[in-house]
Amino acid sequence: DELRASLEGSKPEDFLDPDTWRGMWFIINYSLQNETEPLRQGLAERLAKIPGASVLVGVRESLADASPRDFLDIDTWKGLGFIIQYSLQQELEELRERVQPSEKSED
22 DELRASLEGS
32 KPEDFLDPDT
42 WRGMWFIINY
52 SLQNETEPLR
62 QGLAERLAKI
72 PGASVLVGVR
82 ESLADASPRD
92 FLDIDTWKGL
102 GFIIQYSLQQ
112 ELEELRERVQ
122 PSEKSED
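Those letters in the sequence shown? Residues 22 to 128, per the numbering used here, in order.
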């Protein structure tokens, strides 16, 4: 609808202007981002319920604000490795506890 509204009153020669195409690309891209955000959030919520997947969702969220320079820093990768390893160990322990409750839980 937004794209259609922006094209109303356009003349054929307007489509020869690169700015028209840039504007159309911006509107399409922006519209797709807004429409896919609820889908991404729903998928993230479903993935978070799968053992281990919540770690990946968390890592993705942590990296959302990272700059390209951060990805070149070895400490970024070391930190990510530590966080992933620790988080997966915690989730594995929780899963083990659900499958085989320890004697402490039974008391």
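Even for Gly, the Cβ is constructed at its ideal location relative to N, Cα and C.
Remember, predicted model here, so these are calculated numbers, not experimental data.
Taking 3 residues as the shortest admissible run, the stretch 22-51 contains no complete beta strand (DSSP E) segment at all. For E82 and W42, the gap between their C-alpha atoms comes out near 32 Å. Inter-residue distance for Q111 and N50 is about 39 Å (C-alpha atoms, whole angstroms). About 17 Å separates the beta carbons of I95 and V80, which is beyond the 8 Å limit, so they are not a contact pair.
Between V76 and S31 the beta-carbon gap is near 49 Å, outside 8 Å, which marks them as no contact. The three-state reading of DSSP puts A85 in coil, since its state is none of H, G, I, E or B. In chain order, D91 place their CB closer than 6 Å to the CB of T97, counting only its own chain and leaving out the 5 sequence neighbours on each side.
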